[in-house]
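Trainee: Sending over a structure as structure tokens; questions will come in a sec.
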Amino acid sequence: MAKAQEVKNVASYPLRLPRSLKAAAERLAREEGTSLNQFVAMAVAEKVSALETAAFFEKRRARADMRAFMRILNREGGVPPRPGDEIPPAFGTEGRDAKPGMAGRFPFGDPKAIEKWAERYWDEETDKNNELERQIPDIVKGAKSRGHLTRKEFLHLVRWKSARRLDRAEMNSEATIKSVTREALAEPDRERALRILDRLFGVGLPVATAILHWFRDDTPIVDVRVCKALGLSEQQAETKRYSYRFYRELADTLVAEARRAGVDLRTLDRALWAWDRAGSGKRRRRFCR
């Protein structure tokens with residue numbers, strides 16, 4: 004009876020995979036000690052869960068009454084927030100008149116200070132990742148000339164952004180990468196281009212921004228360190244960096260701040276990244292932006 008019920012709840016679907024993608028999936032399934040069928044089912048379940056969770060919180064957020072929320076927080080008899088629980092300032096508003104070097108107060112609007120912090124991005128701690136970055140301009144030049152990324156170039160960019168996603172990224176075939184990146188690079192709308200790249204295995208919004216960043220001047224990289232430098236807690240940054248709605252606000256703010264200071268987005272990104280790292284003490288991270 005149990006087996007009959009189990010069969011009744013399972014639907015068949017003829018799945019066609021590129022040989023390279025199937026080989027990568029089989030390898031990962033063996034490493035996980037499971038069958039290819041179970042591995043594919045788990046991968047689909049994970050993607051569906053991620054998309055539905057994001058949609059759920061977007062709907063909940065849309066129903067939020069922030070005025071009522073603030074009335075509750077500021078009611079008589081309330082207590083001040085504990086350290087670390089304060090509501091972060093709006094993007095780009097904190098510390099505009101602060102001196103560079105003050106923790107949590109990035110010197111927006113000060114091009115000399117931004118350049119100084121951008122220079123601190125290059126150091127021995129991140130030397131391995133920086134070597135990957137130095138090769139990116141040649142990759143971008145080649146991709147622009149042919150209109151798409153090769154599989155090798157795509158994996159290089161993924162490795163630079165997040166080595167942890169490389170296994171999943173390797174599941175994409177050469178033909179798929181060529182087709183998807185050609186469509187994304189030709190798409191004039193930033194968000195649509197990011198969503199096109201998001202179709203590839205191993206590419207969420209953070210990796211998509213890291214790829215498109217090198218081809219457009221309106222696409223900053225969404226990263227935990229950048230978000231924290233703008234006033235978010237690490238928990239908030241980890242959650243929000245996968246939200247397209249959040250990214251619109253972040254991108255518009257950073258583009259405006261870069262123009263106000265007269266610097267390019269890459270310089271501002273490096274400065275924000277170095278700023279947060281300097282304020283994080285001796286804590287070390289893996290090479291993952």
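Everything in the sequence shown is counted per the numbering used here, starting at 4 for the first residue and increasing by one. Cβ atoms here follow ideal geometry from the backbone N, Cα and C, with glycine treated the same way. Only a predicted model underlies this, so the values are computations on that prediction, with no experimental measurement involved.
Going straight from the alpha carbon of E177 to that of R154, what length do you get?
Mentor: A straight line joining the alpha-carbon of E177 with that of R154 spans about 5 Å.
Trainee: Run the CB neighbour count on R228, radius 10 Å, all protein chains shown included, and call it buried at 16 or more, exposed below.
Mentor: buried
Trainee: Using only alpha-carbon positions, find the residue among C230, A57, W217 that is nearest to E136.
Mentor: Closest by alpha carbon: W217.
Trainee: If we count the other Cβ atoms within 10 Å of its Cβ and call it buried at 16 or more, is S165 buried or exposed?
Mentor: buried
Trainee: Taking just the CA atoms, how far does A27 sit from P86?
Mentor: Answer to the nearest angstrom: the Cα atoms are 46 Å apart.
Trainee: Would you mind reading off the limits of the alpha helix (DSSP H) that contains I180?
Mentor: 177 to 189
Trainee: Could you round the C-beta distance between G205 and R168 to whole angstroms and report it? I think they count as a contact, below 8 Å.
Mentor: 4 Å
Trainee: Taking the Cβ atom as the reference point for each residue, do A121 and A274 lie within a distance shorter than 8 Å?
Mentor: yes
Trainee: Considering only the alpha carbon of each residue, which of D220, A172, R219 lies closest to R202?
Mentor: A172
Trainee: What whole-angstrom Cβ distance do V225 and L208 have, given they're in contact under 8 Å?
Mentor: Contact flag correct, Cβ pair sits at about 6 Å.
Trainee: Considering just the uninterrupted stretch of the alpha helix (DSSP H) at P209, what are its terminal residues?
Mentor: 208 to 215
Trainee: Assuming the contact rule is C-beta atoms closer than 8 Å, R185 and G150 should be a hit. Round their C-beta distance to whole Å, please.
Mentor: 5 Å
Trainee: Quick check on L271 - is its C-beta less than 8 Å from some C-beta in chain B?
Mentor: Included in the structure is just one protein chain, with no chain B present.
Trainee: Just to confirm, is the Cβ distance from P17 to T179 under 8 Å?
Mentor: no
Trainee: How would you write the range of the alpha helix (DSSP H) that Q138 sits in, first residue to last?
Mentor: Segment: none, Q138 is in no alpha helix (DSSP H) and carries neither H nor E.
Trainee: Taking Cβ to Cβ, would you say L268 is nearer than 8 Å to D220?
Mentor: At a Cβ-Cβ threshold of 8 Å, L268 and D220 count as neighbours.
Trainee: Using a Cβ-Cβ cutoff of less than 6 Å, which residues in the same chain neighbour A277 once the five nearest sequence positions on both sides are dropped?
Mentor: W120, R123, Y124
Trainee: Look at the Cβ atom of A189, then the Cβ atom of L200, and state whether they are nearer than 8 Å.
Mentor: no
Trainee: Are the Cβ atoms of V266 and P223 separated by less than 8 Å?
Mentor: Result no, Cβ atoms of V266 and P223 do not sit closer than 8 Å.
Trainee: Which of the three DSSP states, helix, strand or coil, is assigned to F111?
Mentor: coil
Trainee: Beta-carbon within less than 8 Å of H159's beta-carbon, same chain only, minus the 5 sequence neighbours each way: which residues are those?
Mentor: Answer for H159: L135, Q138, I139, I142, listed in chain order.
Trainee: Please state the DSSP three-state secondary structure of I117.
Mentor: helix
Trainee: Find the nearest neighbour of G112 within the set I75, A264, R198, E55, judged by alpha-carbon distance.
Mentor: A264
Trainee: Ordered along the chain, which non-local residues of its own chain (more than five positions away) have a Cβ less than 7 Å from that of I117?
Mentor: P110, A264, V266, T270, L271, A274
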